[in-house]
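Novice:
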Amino acid sequence: MTSNRWFIDSETGELSDVLLCPPDNYNWIPSNDIAIQTMAKGVQIDRGALAAQFGELVSALEGAGAACHFLKPRAGMPYQVYTRDSSQTTPWGTVVTRMMRPERKAEEGEIRTFYEPDDIWKSATQGHIEGGDIHIIRPGLVAVGVTGGRTDQAGAREFLGWFEDAGWTTRMIHFPEHFLHLDVIFTMVTENLAIAATDVLDDEDLDWFRAQGIRLLPVSYKEAMRDMGCNVLALGRDRVVSPRHSKRINEMLRAEGLTVIDPELNQFSQGGGSIHCMTMPLRRASLAAG
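Start counting the sequence shown at 1; every next residue gets the next number (the numbering used here).
1) Short of 6 Å in beta carbon distance, which residues of its chain neighbour His174, apart from the five on each side in sequence? Order them along the chain.
2) What span of residues does the alpha helix (DSSP H) with Trp208 cover, start to end?
3) Three or more beta-carbon pairs under 8 Å between the stretch 152-170 and the stretch 178-185, yes or no?
4) Please confirm whether Val219 and Ala196 have their CB atoms less than 8 Å apart.
5) Do Glu164 and Trp126 have their beta-carbon atoms positioned less than 8 Å apart in this structure?
6) Tell me, to the nearest whole angstrom, how far the beta carbon of Leu258 is from that of Thr198; I am working on the premise that it is less than 8 Å.
7) Which whole-angstrom value describes the C-beta separation of His128 and Arg150, a residue pair presumed to lie in contact below a C-beta threshold of 8 Å?
8) Please state the DSSP three-state secondary structure of Ser59.
9) Measure from the alpha carbon of Thr90 to the alpha carbon of each residue in Phe179, Pro243 and Lys122, then state which is nearest.
10) Specify the secondary structure class of Arg254 as computed by DSSP and reduced to three states.
11) If we count the other Cβ atoms within 10 Å of its Cβ and call it buried at 16 or more, is Asp262 buried or exposed?
12) Would you identify the three-state DSSP class for Pro281, choosing helix, strand or coil?
13) Give the secondary structure of Leu71 by DSSP, where H, G and I count as helix, E and B as strand, and everything else as coil.
14) Could you pull the DSSP bridge partners for Leu15 from this structure?
15) Alpha carbon to alpha carbon, how far is Val200 from Asp118?
16) Please state the DSSP three-state secondary structure of Pro117.
17) Helix, strand or coil: how does DSSP classify Ala224 here?
18) If I'm right that Glu14 touches Arg237 with Cβ under 8 Å, what's the distance once you round it to whole angstroms?
19) In the DSSP assignment, find the beta strand (DSSP E) that holds Gly161 and state where it starts and stops.
20) Tell me, to the nearest whole angstrom, how far the beta carbon of Ala60 is from that of Val241; I am working on the premise that it is less than 8 Å.
21) Can you grab the Cα-Cα spacing for the pair Ile45 / Arg84, in whole Å?
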């Protein structure tokens with residue numbers, strides 16, 4: 001029996017609790033194409049800026065009314081700061097995911113230390129699945145990105161099967177592993193509105209999103225990969241956290257009537273992650289109750 005402590009049924013309900021991890025042990029490592037390109041240019045992390053940017057993100061979340069909860073940073077876990085991947089909140093409790101990269105597998109232990117036993121609804125056991133590929137779009141609708149790397153068909157099938165058993169509409173979104181996770185090329189920003197690398201996603205998937213009543217604002221390949229421009233966090237009530245360097249995207253979101261909170265996060269985006277990667281929503285207001 002799971003508790004009702006943590007709950008989400010959408011990517012866009014009002015956020016009240018969120019899980020983060022301080023970047024004490026964060027490092028760029030050649031585990032994704034974005035970090036590889038950054039390191040090839042000879043760029044190095046500015047650890048003072050890194051700490052300041054994480055603090056700015058926490059302040060932005062708390063200022064928006066979200067309670068921030070923190071994993072304990074562990075040595076030897078350079079990407080533990082990306083809390084999106086190691087667990088996934090659902091309408092029925094928490095799923096502990098099954099990560100692919102060897103340097104991330106040990107994160108499962110700290111995740112299980114954070115959650116109480118009653119919080120955990122399911123644990124992934126098939127293939128691999130990571131939270132950055134999971135989009136619980138709204139009550140009754142969920143999509144999972146599949147590259148064969150971070151998330152494969154076996155992991156996606158197991159996860160989506162649990163939602164199908166509850167009567168939800170599900171879809172696998174296939175794209176090249178170069179893009180890491182679905183949240184690099186698609187993210188909901190408010191109910192029925194998303195930003196997406198429309199030149200990357202297959203036409204069939206674009207048509208599927210639109211058939212679900214989701215309007216897509218276009219983000220270029222360069223914005224998605226260089227700036228992590230799709231990797232934003234919806235706060236609910238037409239508010240979104242988006243990196244300061246994503247100037248065109250932020251102007252586009254404001255033109256849609258959204259309030260954009262824009263902390264500086266370039267120390268993280270150059271390593272292959274940003275705001276969506278760094279946050280696992282623990283509790284959102286239910287859209288079904290609206």
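Ideal Cβ positions, reconstructed from N, Cα and C, are used throughout, including at glycine.
Specialist: Let's see:
1) Val146
2) Asp203 to Ala211
3) As far as the Cβ criterion goes, the stretch 152-170 does not touch the stretch 178-185, which means the pair count is below three.
4) yes
5) For the record, residue 126 in the displayed sequence is Gln; it is not Trp. For Gln126 and Glu164, no; Cβs fall outside 8 Å.
6) Leu258 to Thr198, Cβ: 19 Å. No contact.
7) 7 Å
8) Reduced to three states, the DSSP call for Ser59 is helix.
9) Lys122
10) helix
11) Its Cβ being crowded by 16 or more others within 10 Å, Asp262 is buried.
12) strand
13) coil
14) Arg284
15) When only Cα atoms are considered, Val200 and Asp118 end up about 40 Å apart.
16) In the structure shown, Pro117 falls within a helical segment according to DSSP collapsed to helix, strand and coil.
17) helix
18) That pair is a contact at about 6 Å.
19) Run containing Gly161: none in the beta strand (DSSP E); it sits in the alpha helix (DSSP H), Gln153 to Asp165.
20) 6 Å
21) 22 Å
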